[in-house]
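The block underneath contains the structure these notes are about, expressed in structure tokens.
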Amino acid sequence: MAAAPIHIAGERLMLDPAGVLHWPARRLVCVADLHLEKGSAFAARGQLVPPYDTRETIARLLPVLRRYGPQRLVFLGDSFHDGQGCIRLAEADRTALIRALDGIEVTWVAGNHDPAPPVGLPGAAVEEWRDGPLTFRHIPQPRAVGEIAGHLHPRATAPTRAGGVSRPCFVSDGRRVLLPAFGAYTGGLDTADTAIAGLFTRGGRAFLLGGERLYSFPLAPRRAVSSAALERFGNQDLPLLNATRLRSG
Numbered sequence: 001m002a003a004a005p006i007h008i009a010g011e012r013l014m015l016d017p018a019g020v021l022h023w024p025a026r027r028l029v030c031v032a033d034l035h036l037e038k039g040s041a042f043a044a045r046g047q048l049v050p051p052y053d054t055r056e057t058i059a060r061l062l063p064v065l066r067r068y069g070p071q072r073l074v075f076l077g078d079s080f081h082d083g084q085g086c087i088r089l090a091e092a093d094r095t096a097l098i099r100a101l102d103g104i105e106v107t108w109v110a111g112n113h114d115p116a117p118p119v120g121l122p123g124a125a126v127e128e129w130r131d132g133p134l135t136f137r138h139i140p141q142p143r144a145v146g147e148i149a150g151h152l153h154p155r156a157t158a159p160t161r162a163g164g165v166s167r168p169c170f171v172s173d174g175r176r177v178l179l180p181a182f183g184a185y186t187g188g189l190d191t192a193d194t195a196i197a198g199l200f201t202r203g204g205r206a207f208l209l210g211g212e213r214l215y216s217f218p219l220a221p222r223r224a225v226s227s228a229a230l231e232r233f234g235n236q237d238l239p240l241l242n243a244t245r246l247r248s249g
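Given below as structure tokens:
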């Protein structure tokens, strides 16, 4: 895969087509919004969906960890779909996740869906995490600089000869970067939505995820968004737009 370099607060970061951020100078990988056990949360409410989302998400994470061999892995919040998600993990999935995290310094940033530390998993839980000029948090803050954030599940549509192609994406303007949601059962919010566009008042770039590379195009400047609008976004469940990626077993 061909990762794309960007610079935030003077630091060179790599955007990987798998939907993760790599900080080579710190041997750090960052991933946002796994929403593990979202399927079981839906099932508890009577919405029956294939129960394979956690297994699929962990399977997608493993080659990323093998590719970069990170010293630190930062989960950028909403790693679980709710506060009890880590307790509902199937034993096989729990074992696979613990094995994948072995030997890595794991940081669990709190999300609005999972504000409490995960139970029985390695790593340290924090509200936000800072390293040098960069701040890793779940919900982006207006006017922040040097910010790595998730929460908004950015998605954009790129024009092609065959029509528009809509994919999850990174969004950046040199001051911050929003990560796409990594989980198998995560929908997306269009970059034209005020919650995202309002963070990039000077414009920015979207980096659509492709099979082996990213596809980048500019975003126009927009009016600023409020912190309250960003908070409200977290109270809704996005549709399961990525559910078609799941294997049947």
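In the UniProt record's numbering, the protein residues as written are 1 to 249.
Here a beta-carbon is modelled for each residue, glycine too, at the ideal position from N, C-alpha and C.
{"Check": "Collapsed DSSP secondary structure at Gly103 in the structure displayed", "Outcome": "coil"}
{"Check": "Whole-angstrom distance between Glu212 and Gly187, CA atom to CA atom", "Outcome": "21 Å"}
{"Check": "Closest by C-alpha distance to Pro168, when choosing among Gln141, Ala124, Ser216, Gly146", "Outcome": "Ser216"}
{"Check": "Rounded straight-line distance, which links the Cα of Val225 to that of Ala195", "Outcome": "6 Å"}
{"Check": "Counted within 10 angstroms of its Cβ, other Cβ atoms place Gly19 as buried (16 or more) or exposed", "Outcome": "buried"}
{"Check": "Residue environment, Phe192, which counts as buried when at least 16 other CB atoms sit within 10 Å", "Outcome": "First, the residue type needs correcting, since residue 192 is Ala and not Phe in the sequence shown. Counting Cβ neighbours within 10 Å, Ala192 comes out exposed, since fewer than 16 surround it."}
{"Check": "Nearest neighbour of Gly77, chosen from Pro115, Glu105, Arg143 [CA to CA]", "Outcome": "Pro115"}
{"Check": "Neighbour-count burial assignment, Pro133, 16 or more Cβ in a 10 Å radius", "Outcome": "exposed"}
{"Check": "Same chain, Cβ closer than 7 Å to Ile87, five either side skipped, listed in chain order", "Outcome": "Val119"}
{"Check": "Three-state class that DSSP yields for Gly174 in the structure shown", "Outcome": "coil"}
{"Check": "Leu97 versus Ala90: straight-line alpha-carbon distance, rounded", "Outcome": "11 Å"}
{"Check": "Under 7 Å between C-beta atoms of Ala149 and Leu178", "Outcome": "yes"}
{"Check": "Ranges of the beta strand (DSSP E) found wholly within the stretch 32-120, counting only runs of at least 3", "Outcome": "72-75, 105-109"}
{"Check": "8 Å contact criterion, which Leu199 and Pro142 should meet: CB distance rounded", "Outcome": "7 Å"}
{"Check": "Length of the line joining the Cα atoms of Pro221 and Leu34", "Outcome": "29 Å"}
{"Check": "CA-to-CA distance, Leu36 to Arg247, given in whole angstroms", "Outcome": "Its pLDDT being 35, under 50, Arg247 is placed unreliably in this model, and the coordinates cannot settle the point."}
{"Check": "Which listed residue (Ala206, Glu231, Ser227, Pro218) has its alpha carbon closest to that of Leu15", "Outcome": "Ala206"}
{"Check": "Separation of Gly183 from Val31, as counted between CA atoms", "Outcome": "10 Å"}
{"Check": "Contact check, Leu73 vs Val106, beta carbons under 7 Å", "Outcome": "yes"}
{"Check": "Beta-carbon proximity check, Arg27 vs Pro63, cutoff 7 Å", "Outcome": "no"}
{"Check": "Ala25 vs His81 beta-carbon contact at 7 Å", "Outcome": "no"}
{"Check": "Minimum C-alpha distance to Pro122 - residue among Arg67, Leu21, Trp108, Trp129", "Outcome": "Trp108"}
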